[in-house]
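Asker:
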Amino acid sequence: MYPDVCLVCPKRLTRSLVVLLALLFVSSSASAQGNDPKETVESNDAQSTGVAGYDDGFFIAGQLDETDDDGNEKTRHFRLEIGGRLQTQYDLLIAEEGEDLDLARSRFLIRRARLNVTGHFVSPDFTYAMQAAFDRGNPELLDYFVNYAFEPGTFEGRLGQWRVPFLRTEINSSGSLLLVDRSLTTSVFGEGFDAGMGIHNNYKKSPPFEWFFGVFNGTQTDLEVVSFDDANTPTFFYPSVVGRVAYNYGDIKGYSTGDLKGGPLRFSLGASGMTQFGLQRDNESATKATVDYILKAHGFSTSGAFMLATNQDGEALTDQNLFVTGLFVQAGYFLSEMIQPAARYSRVDYEGDDELVHEALGGLNVYFWGHSLKWQTDAGAIIVETPNDTDTAYRLRTQLTLSF
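Numbered as in this note's numbering, the sequence shown ends at 767 without a single skipped number.
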């Protein structure tokens with residue numbers, strides 16, 4: 364079915380990355396020796412300058428100054444940044460004696476191996492991003508979108524594939540989580556990566572009032588409707604309409620969980636809603652809603668959320684039946700610039716099945732170089748309650764994160 368040609372082979376990408384990093388290293392070395400890292404190329408009607416270096420990621424930036432036939436000058440700006448994240452983890456999960464051991468495990472794993480490319484084209488207002496994952500057996504496209512700021516920070520449009528901005532914990536980067544991984548509520552209520560389009564006001568920068576509204580395929584996690592002849596394209600889309608708003612007080616970074624740099628009281632209060640229309644499936648629409656918060660002050664941080672989801676239970680879209688609810692709350696405090704203990708409680712209540720799942724974790728984080736190099740460990744219990752039984756499992760995870 365597929366030709367023996369790999370367009371996104373890890374070896375090929377790795378080779379290209381090594382070459383690029385070597386070029387950046389040579390450029391940086393020249394700068395360190397007193398040479399100007401900028402290069403200038405001139406033609407009859409244009410002049411181009413460029414620079415390469417490291418600024419929270421390796422980058423190449425350029426500027427093109429042009430003069431048209433009427434003598435009008437135009438400047439075009441270009442930038443490309445390359446970054447990555449590697450999370451190596453040990454995961455231990457054991458059950459109490461006499462209980463189901465099917466989920467028991469003890470293993471090392473590459474939890475995440477990501478390569479991302481971001482930048483802008485022609486103008487800083489026209490940005491792009493791509494992120495690929497290499498931790499799932501085969502290369503997988505996560506993000507690929509373009510974003511144009513019609514009025515920067517006020518009205519922007521985005522088209523492509525990225526994390527659906529529904530849960531605050533999913534908008535948070537996996538490199539800046541409070542514990543080793545996200546709450547168990549994320550696997551139940553999260554929307555993951557999906558293709559679509561939306562308008563917003565640069566919500567990830569946490570302006571005083573942030574908003575987002577968009578439409579997505581609604582099929583990213585439903586593999587039964589995906590055509591594997593074109594693995595990123597669904598056979599039919601079940602449009603999901605997503606909206607999010609938040610109020611941000613102070614200089615809050617609303618999508619990074621710890622208070623790494625300290626400071627006075629800051630907080631964010633958010634709410635999201637989603638409706639999925641089952642256009643190709645009879646009576647299979649669904650809705651989700653969540654309210655969330657994050658608060659930081661002087662090295663202390665806490666965040667949490669409440670979520671609910673309904674399924675259609677009748678012929679009309681409005682015939683919705685409560686299916687599941689969930690919540691979590693977590694907190695952490697920096698004892699020093701390097702040491703941060705943290706804890707979290709989560710629960711998911713499946714209304715129709717009378718099943719209640721609890722998760723209680725405590726952890727310790729050691730920051731060697733902020734979120735770029737850190738070691739995180741957490742441990743605790745997962746309890747599953749049903750009308751007839753209660754099962755308990757114990758978990759231990761420890762993980763090294765390297766981001767560049």
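Think of the CB as a built atom: it goes at the ideal place given N, C-alpha and C, for glycine as much as any other residue.
#1: Go ahead and label Tyr612 buried or exposed: buried means 16 or more other beta carbons lie within 10 angstroms of its beta carbon, across all protein chains shown.
#2: Give the secondary structure of Leu547 by DSSP, where H, G and I count as helix, E and B as strand, and everything else as coil.
#3: According to DSSP, is Arg531 helix, strand or coil?
#4: How big is the Cα-Cα spacing for Thr549 and Val485?
#5: Counting along the chain, where does the beta strand (DSSP E) carrying Ile746 start and finish?
#6: In the DSSP assignment, what residue or residues form a beta bridge with Val509?
#7: Across the segment 658–666 and the segment 688–698, are there enough close Cβ pairs to call them in contact, namely three or more that are closer than 8 angstroms?
#8: Taking the beta carbon of Asp655 as the centre, do at least 16 other beta carbons fall within 10 Å, making it buried, or is it exposed?
#9: Under the three-state reduction of DSSP, which class applies to Gly538: helix, strand or coil?
#10: Using DSSP's beta-bridge definition, name the partner residues of Ala652.
#11: Using 8 angstroms as the Cβ pair cut-off and three pairs as the minimum, do the segment 525–535 and the segment 552–560 touch?
#12: Between which two residues does the beta strand (DSSP E) containing Met701 stretch?
#13: With a threshold of 6 angstroms on Cβ separation, who are the neighbours of Gln762 within its own chain once the five nearest residues in sequence on each side are excluded?
#14: Which full runs of the beta strand (DSSP E) of 3+ residues lie inside the segment 416–476, going along the chain?
#15: Drop a sphere of 10 angstroms on the beta-carbon of Lys568, count the other beta-carbons inside from all chains shown, and report buried for 16 or more, exposed for fewer.
#16: Tell me which same chain residues have a C-beta within less than 7 angstroms of the C-beta of Leu540, skipping the five on either side of it?
#17: Nearest by alpha-carbon distance to Gly561: which of Pro570, Leu547, Gly606, Glu573 is it?
#18: Buried or exposed for Val720, please, with buried defined as at least 16 other CB atoms from any protein chain shown within 10 angstroms of its CB.
#19: Find out if the Cβ-Cβ distance for the pair Leu727, Ala705 is shorter than 9 angstroms.
#20: Can you give the Cα-Cα distance for His483 and Glu718, rounded to whole angstroms?
#21: With DSSP as the reference, label Lys568 as helix, strand or coil.
#22: Note down, in chain order, each residue of its chain lying with its Cβ closer than 8 angstroms to the Cβ of Ala634, except the 5 sequence neighbours on either side.
#23: Rounded to the nearest angstrom, how far is the Cβ of Ser766 from that of Arg448, given a contact under 8 angstroms?
#24: Give a yes or no on whether the C-beta atoms belonging to Gly523 and Asn565 are separated by under 9 angstroms.
#25: Is the beta carbon of Arg758 closer than 9 angstroms to that of Ile745?
#26: Could you tell me which residues DSSP puts in a beta bridge with Leu727?
#27: Just verifying my parser: in three-state terms, what is the DSSP assignment at Phe552?
#28: Quick check on Glu722: buried or exposed, where buried means 16 or more other Cβ atoms within 10 Å of its Cβ?
#29: Could you check whether Glu503 and Ala496 sit closer than 9 angstroms to each other, using their CB atoms as the reference points?
#30: If Gly425 and Ser411 are in contact, beta carbons under 8 angstroms, what's the gap, nearest whole angstrom?
#31: From the DSSP output, read off the bridge partner residues of Val711.
#32: What did DSSP end up calling Leu628 once you bin it into helix, strand or coil?
#33: Candidates Phe513, Leu427, Ser537, Phe508: which alpha carbon is nearest Ala476's?
#34: Would you list the one or two residues that DSSP bridges to Thr764?
Answerer: In terms of the structure at hand:
#1: exposed
#2: helix
#3: helix
#4: 37 angstroms
#5: 736–749
#6: Tyr491, Leu522
#7: yes
#8: buried
#9: helix
#10: Gly636, Leu671
#11: yes
#12: No beta strand (DSSP E) holds Met701; DSSP gives it neither H nor E.
#13: Gln450, Gln452, Val543, Gln739
#14: 421–430, 436–458
#15: exposed
#16: Thr620
#17: Gly606
#18: buried
#19: yes
#20: 48 angstroms
#21: helix
#22: Arg607, Val608, Ala609, Ala652, Thr653, Val654, Asp655
#23: 5 angstroms
#24: no
#25: yes
#26: Pro704, Thr740
#27: helix
#28: buried
#29: yes
#30: 6 angstroms
#31: Gly689, Val720
#32: coil
#33: Ser537
#34: Gln450, Lys737
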